[in-house]
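What follows is a set of notes on a single structure, which appears directly below.
Structure representation (structure tokens):
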């Protein structure tokens, strides 16, 4: 059970392989790009679950795999760990014609892609995402970045991978909370541009989360296909690609306000952020309340948070959230950029939003 999706970018086009036995073919799929030592970057959690069989697959294909294991967690997306990783890659001896492999979730993919982009002025890399969130979002499209004290993903570059290997079979090892966090990004695709897909998720989303491999592969493949099409039309986010940030302006502010901690995973922040985007759209008279309620019901039905009150711990103040939103990388000329909705499947980009309306939604 597998699908191949192409991100069409001319000479830099690449394939996304989605299925339930992609890991077993990793050596075969990566060998066309592998020259010399191939560093495999992962974190301590993923290493214990997947590193040995993955490296064995590479070695069976004659690839000289060199594992580099980093600490797990959002804190690894930092200047300190970027420096450590670059030093480790130079020690391994990877050259400009070589390949670096990111084996892990969004943190590992973002950090590894950034390191590959800046090391020796650019080295090829492959994305092998092991979380649902990374498979449907961060591994596709070439966004790489690290976090700073001012906010999330504020330092980074566009650097497209050579190939993406998304094995839905490895998702069975994810804790339920991590799986749900990734599902928020799946629901996002239905909300932003495919009402029929959202309707399918209302019937089949729980099956995918419950271990139905066919439903899970379809959800991942459809999400990747939607993102691939958008990236092909707008690689550097000058227009349509911004729609993929639905929920992120609110979500990133919530993540920053909670210290990028386990209080709120990225996907959980996006889920709350999308619910807030719907609420703001209703408040501005852009969207009917029935669509907003329907979307929020689905989040709650699968077990995702759908309001700021659902975030554990002390509630962040409106001023603090607004301050973090001001640092959002999508802000232009002092105006915040929002992805709002006219209904499910009908997202659009706007900057002409009164601050008072945003504050009202944050305070509700």
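Numbering (our numbering), first residue to last: 1 to 364.
Just so you know, even glycine gets a beta-carbon here, dropped at the ideal spot from N, CA and C.
DSSP, read as helix, strand or coil, puts residue 179 in helix. Fewer than three pairs of CB atoms, one per stretch, sit closer than 8 Å, so the segment 183-197 makes no contact with the segment 147-160. The Cβ atoms of residue 168 and residue 103 do not sit closer than 7 Å to each other.
In the three-state DSSP reduction, residue 3 falls in the strand class (E or B). Secondary structure note for residue 120: it is in no alpha helix (DSSP H), with a DSSP letter that is neither H nor E.
Within 10 angstroms of the beta-carbon of residue 352 lie fewer than 16 other beta-carbons, which makes it exposed.
Here DSSP, grouped into helix, strand and coil, assigns residue 125 to strand.
Every alpha helix (DSSP H) stretch that sits fully inside the segment 168-213 and reaches 4 residues is listed by chain position as 176-193 and 195-209. The beta-carbon distance between residue 280 and residue 338, rounded to whole angstroms, is 7 Å. This is short enough to meet the 8 Å contact definition. Collapsing the DSSP output to three states places residue 84 in a helix. For residue 335, the three-state secondary structure derived from DSSP is strand. Taking residue 185 as reference, the option from 76, 274, 95 and 328 with the minimal CA-CA separation is 274. Within a 10 Å sphere around the beta-carbon of residue 135 sit 16 or more other beta-carbons, which makes this residue buried. Fewer than three beta-carbon pairs drawn from the segment 214-234 and the segment 276-290 are found closer than 8 Å, and the two stretches are therefore not classed as touching. Short of 6 Å from the beta carbon of residue 35, and not among the five residues preceding or following it, lie these beta carbons of its own chain, in chain order: 97 and 98.
Counting only residues of its own chain and dropping the five nearest sequence neighbours on each side, residue 361 has a CB closer than 7 Å to the CB of 276, 279, 280 and 283.
The beta carbon of residue 181 is closer than 6 Å to those of 133, 265, 267 and 268 in its chain, skipping five residues each way along the sequence. Note that the C-beta distance between residue 359 and residue 287 is not below 7 Å. DSSP places residue 59 in the helix class (H, G or I) of the three-state scheme. Secondary structure note for residue 153: its beta strand (DSSP E) is the uninterrupted segment 151-158. Ranking 203, 71, 57 and 31 by CA distance to the CA of residue 46 puts 71 first. Of the other Cβ atoms in all chains shown, 16 or more fall within 10 Å of the Cβ of residue 141; this residue is therefore buried.
Residue 236 is classed as exposed because its beta carbon has fewer than 16 other beta carbons within 10 Å across all chains shown.
Per the C-alpha coordinates, the member of 205, 232, 218 and 315 positioned closest to residue 255 is 315. Bounds of the alpha helix (DSSP H) holding residue 359 are 355-363. For residue 104, the beta-bridge partners assigned by DSSP are 129. DSSP places residue 43 in the uninterrupted beta strand (DSSP E) bounded by 37-43. Looking only at 84, 90 and 106, the smallest Cα-Cα distance to residue 123 is reached by 90. Annotation for residue 70: the continuous beta strand (DSSP E) segment containing it runs 64-70. The residues 273 and 276, in chain order, have a CB closer than 6 Å to that of residue 250 in the same chain once the five nearest residues on each side in sequence are set aside. Given a length threshold of 4 residues, each whole run of the alpha helix (DSSP H) inside the segment 243-324 is given here in chain order: 248-257, 266-283 and 289-302.
The alpha-carbon separation between residue 2 and residue 14 amounts to approximately 16 Å.
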